[in-house]
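Asker: Numbering (our numbering), first residue to last: 12 to 371. Heads up, the beta-carbon is just placed ideally off N, CA and C, and yes, glycines get one too.
(1) In the DSSP output, what is residue 351 paired with across the bridge?
(2) Using 8 Å as the threshold, is the region 197-210 in touch with the region 222-238, meaning 3 or more CB pairs across them?
(3) How would you call residue 144, buried or exposed, if buried means at least 16 neighbouring beta carbons within 10 angstroms?
(4) Suppose the cutoff is 6 Å on Cβ atoms and the five residues either side in sequence are ignored; what does the same chain contact list for residue 74 look like?
(5) Using CA atoms only, rank isn't needed, just tell me which of 167, 217, 175 and 206 is closest to residue 194.
(6) State the start and end residues of the unbroken beta strand (DSSP E) segment that holds residue 308.
(7) Are the beta-carbon atoms of residue 356 and residue 303 separated by less than 8 Å?
(8) Residues in its own chain within less than 6 Å of residue 127 by CB, not counting five upstream and five downstream?
(9) Are the region 175-191 and the region 243-252 touching by the rule of at least three beta carbon pairs closer than 8 Å?
(10) Starting from the Cα of residue 137, find the closest Cα among 115, 121 and 148 and give me that residue.
(11) How big is the Cα-Cα spacing for residue 129 and residue 122?
(12) Enumerate in chain order the residues of its own chain whose CB-to-CB distance from residue 281 is below 6 Å, with the five nearest sequence positions on each side excluded.
(13) State the Cα-Cα distance for the pair residue 76 and residue 106, rounded to the nearest angstrom.
(14) Report yes if the C-beta of residue 174 is less than 7 Å from at least one heavy atom of the ligand NAP; otherwise report no.
(15) Span of the beta strand (DSSP E) holding residue 118?
(16) Kindly indicate which residue of 313, 332 and 289 has the alpha-carbon position closest to the one of residue 223.
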């Protein structure tokens, strides 16, 4: 089966064409050597001497060399083509298995570390990435369905109750207000998903300009000061007065606001939330620290996925998209995001690349 595919493959035909071209070159060289040898012998021994025996021997030797070269070239073409076709068939077989059964199959490696193994490794890594993305899409779909079910069920229940209840202007107004609030929450969820997708496709880089990161952080602290006072949390700004950065002001504001909002909501009531901006050697840095329960180490890689929520956060307001937005904004700005223990609590740090930006 493999031999038949080898003989009918385009690679084998190309190999035969290369062999034919090589054969013509070898034949021309051998003809030149043959004629030159006879001419040399005639000059040294003279034309009167019988050269038939010598000529016959030369001809036989050249025919033997030609046949040997032809056989070796044919065998080399078959072996090389067979190896190539065999590796291609492994890729094709794996592709067919993936189409039939799913993304759990991978192309086998032979351990030769040649170009075919490198191609197989790259394809396997691509399949791993696709499988991860498909899993994330499934998770997002399940989470969207779960998060939509609650507000839609509440809205349907209220509307059904109102349908079977005599009209009452005050009750109807309350029902309409609650329904609008639930609809706003649903629309806000879809707006967040759309915005994250827009950021991840790098559609917002046109708004980049020199900024003062401390100024943005100060506006966020001022905005959330009242919310922090409601839970007796002390919210403060620390660090350098000017931290130069190049970026999108609105997106950076939203990212810092999400981090501060999370620190207030999930930190300790009556605790401390500190926003620190500094110009470090590695680039501008902003850190938001709280003294709450923090995030378990094993969950820190997952909190930036869409709709992911910790068990203790499932009954607090939110849809699990805030940190996904932060991760998208960080990616757009080339920033590294890291979570550290604050002992107690959590510190979320964003380290932006050093661009040499100077503020006017």
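Answerer: Looking at the coordinates:
(1) Along the chain shown, read from residue 1 onward, the residue named residue 351 stands at position 340. Partner(s): 358.
(2) Between the region 197-210 and the region 222-238, the count of Cβ pairs shorter than 8 Å is below three; the stretches do not touch.
(3) The sequence position of residue 144 within the chain shown is 133, counting from 1. Residue 144 is exposed by the Cβ-count criterion.
(4) On the chain shown, position 63 is the one that residue 74 refers to. Contacts found: none.
(5) Against the chain shown, residue 194 aligns to sequence position 183. The shortest Cα separation from residue 194 among 167, 217, 175 and 206 belongs to 167.
(6) For the purposes of this step, residue 308 is taken as residue 297 along the chain shown, with counting starting at 1. Per DSSP, residue 308 belongs to no beta strand (DSSP E) and is neither H nor E.
(7) Within the chain shown, numbered from 1, the residue matching residue 356 stands at position 345. Within the chain shown, numbered from 1, the residue matching residue 303 stands at position 292. A contact, by the Cβ cut-off of 8 Å.
(8) If you number the chain shown from 1, residue 127 lands on position 116. These residues qualify, in order along the chain: 98.
(9) no
(10) Working through the chain shown from its first residue, we reach residue 137 at position 126. Minimum Cα distance to residue 137 is reached at 115.
(11) Your numbering for residue 129 matches position 118 in the chain shown. Your numbering for residue 122 matches position 111 in the chain shown. Their backbone Cα atoms lie some 10 Å apart in a straight line.
(12) Along the chain shown, read from residue 1 onward, the residue named residue 281 stands at position 270. These residues qualify, in order along the chain: 243.
(13) Within the chain shown, residue 76 is the residue found at index 65, counting from 1. Within the chain shown, residue 106 is the residue found at index 95, counting from 1. C-alpha separation (whole angstroms): 44 Å.
(14) Absence of the ligand NAP is noted for the structure shown, with no ligands found whatsoever.
(15) Stepping through the chain shown from its first residue, residue 118 is reached at position 107. Neither: residue 118 is in no beta strand (DSSP E) and is coded neither H nor E.
(16) As a first step, residue 223 must be located in the chain shown, where it is residue number 212. Per the C-alpha coordinates, the member of 313, 332 and 289 positioned closest to residue 223 is 289.
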